[in-house]
Structure formats: structure tokens, C-alpha cells
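K.L.:
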Amino acid sequence: MSDRDKQLREAAYQEVETHKSLVESDRFRLGYHLMPPVGLLNDPNGFIQYKGVYHLFYQWNPFKTEHGAKFWGHYTSRDLVNWEHHEIALAPSDWFDKNGCYSGSAIEHNGKMYLFYTGNVKDEHNNRESYQVLVESEDGFTFDKKGVVVELPEGYTAHFRDPKVWKRDDYFYMIVGAQSEDLTGKAALLRSSDLYKWEHLGAIAGAHVGSLEDFGYMWECPDLFELDGEEVLILSPQGLEPEGMLYQNIYQAGYFIGKMDYENARFDHGEFVEMDRGFEFYAPQTTEDDQGRRLLFGWLGLPEEREEDHPTIEYKWIHAMTLPRELRVKDGKLYQLPVEELKKLRHAEVIYQNVVLNEEEQAFAGIDGERLEYELTFNENPSGEVTIQMRNHATITYSPEKERLTLSRISFVDGKTIEERHCEISELKNLRVFLDSSSIEIFVNDGAEVFTARIYPDENEKNITFKTGQPTSVQLQAWMLY
Ligand code: FRU
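So that you can map any letter, position 121 of the sequence shown is 121 in UniProt numbering, and since no number is skipped, the others follow by simple counting.
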């Protein structure tokens, strides 16, 4: 390890020590989500199950609650529920990553773990350079940077990053988020037979590749995989304009389902679908585990948008990861559900069978607090509006007439403006909701839609109430999570 590397690591650990008690005193620290020990966390990186252990790395700026020269922080778990935080995996200590070890992925090959990430470099005139860097690890805990394996191919600007690598038949493939010289977003594909020498095959998707018109000026964090007989390309495009209920956040995360033609380096696909309908969700990454499950973590945050207004920054930390989710494809649509293992967190179960909700707000013993899960199942189609109030801060509303589900919350910018996000739901069958001290994740109709958001309620506001415009028979179940 170079002196520069040691210095950077020392400085980061020092930062953790210095602010530990302040960070931990924040009542908005989450109970069962992954967070940075100090500073800013963004994208999930290098998600892999390696020698039976799940590794999740993350983009980390230990020095500020702002973006900057990122490190890779490191968590591991055997069950996706209990996590251990480890020493820093990567520090931005080299000429090829001096302005950040940006996002990337992990792959296992011949018993070793290989990481690929983007080395972000800015010169004195703020011109950007980007390099794809290879790292080897014998054990998953100590890392050896092997240096640059991919220089910028022709036809792209230096916005070329976030390599995701997988193996297929005799080759390794790398998909990279890119901007082509005409300033449109692209997903670039590269191929290698040894993980060291890479050949650029072309842009497999993006504006004017196939039938897609302009679709944003940059695509970040692409991920391509097969699931349930379909091929899915996940990406985080930047530069889409709001369109009705769609694309309401500064940047989006979503997917295309299609068919990958490896011969011609082309991904023929259908429409882009947003993966999350809430306020904070970005840059998700998946991996396949030894049970054959396609697992996903997303960043429970968004870049640039109002980051300085999150109240946690007074406590020197910002952002978190979503819950780990399992993906499935059914009838051409991506479903997301919290992984089965999260049931381990369930305590103090309450069940209310065949309760009739009506226009009076009703609360239920055992369904309140800061850290809980509840499941609402409709025994019949609701014919009137459904309203669930959570901690006087977030509200779920379903209108059968408009066939629309809405999440509204009180803005954390001014503490009063009501903000809304919507999604079309023709028939509401069930809702599964995870509340943590300052987050909410709502899984609608067995994971057909998801809403993810941060919420910052007052301490004494712990109540949850349910009402429906017309009497409606439901089943309610809840658990405290810890
Ligand atoms: C997405 C992103 C990536 C980049 C990383 C830097 O949030 O901008 O494209 O690699 O964050 O932290």
C-alpha cells in the first residue's frame, strides 16, 4: 500500500472517530438499513456473494456530506440482515483515480474476487478523464489495484463509467454507462477473455441505436442480466423531462426488457419503465446468489437534488441503502420484493383478520412506531378512496376512480410543503410497507410497483391510521422490526 493510500485511509478513520458520537446521536439513524459511519454514501458497488458471504461496497465520501473523491466502503453479511462494516476497500490514492474511485462491480473467477471501477480524474482546468480499473482480491478483504484496463474508446465523452462485469460462455462482458460525442446517453459493451484485455464492441443501446429517440444526455450505472427467460437492462438515465406522472425526480432509475444480440452488440428492447415511483431511489445494482436469486440494492438517495436540505447533515452523515430486494420478471414486468431473510427482523406480530375499514380514521394496537412492517390485504376491491396516514408525515392514498396510488410527504426542505408522487394502479390488492426511523419503502401488489423515500417525522409522532371512503374488508398484519 502506498503512503498516499495509508494517509487517505488514516484521515478517513480519523473522521469516523471524531464524529462517531455526533452521528450516532441522530434520531434519524436507521434501524435496519445500511448507512455510512460518517459523511456521504451513494451507489451500491461490487455487490456479490463470494465464498458464501454477501459483500456490498458503497460509494463513500468520509470527509463531507457532499460528493467528492469517493472511497469504496465495505459491508459483509451471511444473511442479508446482519451486516458487518469493514476496513476501506479502495481509496482514491492513484493517478488514475485521484478524484474518486467511482462506481463499479465485482466478479468471482478461479476463486478470486475481481473488482472493476471507474477511476475519476480531473485536471487543473477541471477537465475530466475516466479509466476503468481492475482490482484483485484473494480473500475479499484485502485489495490489490492492478491499474487501468480500459481507456476511453472512441466516440464517447469522458462521461464513461460504472462498469458492470459478468461471464457468458467463453467471454467476460463489461457494460459501461456512457455519453457519446453527440451528448446522448448510451450503454457501451466491451468483451474480454482474461479480464485484463478488453475490446469495445459498441453501444448496445441509447439514442439513435435501434429505434430509441433521444433519451437523456447520460446513462449511469447500467446492469444487464437474464431473469425468468427475459433479458433486463437496468440503468439510471439523466436528462429526461417530466411527463405526466413520470420522471418527476431529478434523475431516474429504470429498466428495459429486451433481447441481447451479442454477435452484433445490440440490445433490442421495449419501453423504459421506472423501477421506483417514490422520491429517493437511484443507481441500483444487482447480483445473482447461490440460490439463483437476482438480488438488488439501490441507493436510497439522489444526486444533487436538495442534498443540503436533509436534516441528517447536521449530524455529519447523509443517505442510505434500500433494503435488499429480490427481482422477478412476470408477464414482461419487473417485480421487486424485500428478500425473504428480512422476516428475521419481525417481532411482536399482530394480526387483524376481516377488519372493516370505513371513513373514520382507525388506529390498531401494535401498528405504530418508528421501525415496523405492515401488510394490508384487501379482501375485496376497495370502492372508495383508501388513505393511510403515517406519523403525520407520509400518506398513501389510493383512488379506485382515478386508478392511482399516491405517496405524499411533507417536504424536508421547508417542513410544510406537501410533495406527491403517483403511479397508475388499476386494482389495489395489497400493500407491504417498511418504515424505518427516517425512511419508507412501499411494495404494491406483490412488488409490481415500489415507492421509496426519506421522511423526517417528529419524534412524538408515531401513529398510523387507516380509512376508506366506503366500508372495505381487509386483513392487517404488522411486526416491529429489530
Ligand atoms: C451515480 C454516480 C455514478 C458515479 C458515482 C460517483 O450516482 O454519479 O455514475 O460512478 O455516482 O460517486
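Beta carbons are placed, not taken as given, at the ideal position from N, Cα and C, and that holds for glycine.
Are the CB atoms of L233 and D252 within a distance shorter than 7 Å?
P.N.:
Note that residue 252 corresponds to Gln in the displayed sequence, not to Asp. Their beta carbons are not under 7 Å apart, which means Q252 does not touch L233 by this criterion.
K.L.:
Could you check whether the Cβ of N99 sits closer than 6 Å to any heavy atom belonging to the ligand FRU?
P.N.:
Not under cutoff, so the answer is no.
K.L.:
Quick one: measure Cβ to Cβ for D106 and I48, integer angstroms, because I've assumed they're closer than 8 Å.
P.N.:
The question names Asp, yet the displayed sequence has Ala at residue 106. At roughly 4 Å, the Cβ-Cβ gap stays under 8 Å, so A106 and I48 are in contact.
K.L.:
Under three-state DSSP, which class holds K98?
P.N.:
Three-state DSSP puts K98 in coil, outside helix and strand.
K.L.:
Closest to H19 by CA distance: which of E280, E314, D144 is it?
P.N.:
Comparing Cα positions, the closest option is E314.
K.L.:
Using the Cβ count rule (16 or more neighbours within 10 Å means buried), how would you classify N126?
P.N.:
N126 is exposed by the Cβ-count criterion.
K.L.:
Indicate, with yes or no, if the ligand FRU has a heavy atom lying under 6 Å from the CB of A188.
P.N.:
Because no heavy atom of the ligand FRU lies under 6 Å away, the Cβ of A188 does not count as near it: no.
K.L.:
Considering only residues of the same chain and omitting the five flanking positions on each side of I351, which have a CB-CB separation below 7 Å?
P.N.:
Q477, listed in sequence order.
K.L.:
Buried or exposed: L22, going by 16 or more other Cβ atoms within 10 Å of its Cβ?
P.N.:
Label assigned to L22: exposed.
K.L.:
With DSSP collapsed to three states, give me the class of T312.
P.N.:
Reduced to three states, the DSSP call for T312 is helix.
K.L.:
What does the alpha-carbon distance come out to for the pair K51 and V135?
P.N.:
Going by the C-alpha atoms only, they are around 18 Å apart.
K.L.:
DSSP on K20, reduced to helix/strand/coil?
P.N.:
Reduced to three states, the DSSP call for K20 is helix.
K.L.:
Quick check on DSSP: helix, strand or coil for Y32?
P.N.:
Three-state DSSP puts Y32 in coil, outside helix and strand.
K.L.:
Does at least one heavy atom of the ligand FRU sit under 6 Å from the Cβ of D43?
P.N.:
Checking every heavy atom of the ligand FRU against the Cβ of D43, one is found closer than 6 Å.
K.L.:
Identify, in the order they occur along the chain, each residue of the same chain with its Cβ nearer than 7 Å to the Cβ of T387, setting aside the five sequence neighbours on each side.
P.N.:
Closer than 7 Å at Cβ, skipping near neighbours: T395, T397, K467.
K.L.:
When the Cα atoms are used, what is the spatial distance from E17 to R78?
P.N.:
So the two alpha carbons sit approximately 27 Å from each other.
K.L.:
What's the gap between the Cα of S426 and the Cα of H200?
P.N.:
Approximately 44 Å between the Cα atoms of the pair.
K.L.:
Return the bridge partner residues of V450 from the DSSP annotation.
P.N.:
V450 is bridged to F443.
K.L.:
From which residue to which residue does the beta strand (DSSP E) around E231 run?
P.N.:
230-238 is the span of the beta strand (DSSP E), which, as asked, contains E231.
K.L.:
Taking DSSP as the reference, what is the three-state secondary structure of E10?
P.N.:
If DSSP states are grouped into helix, strand and coil, E10 belongs with the helices.
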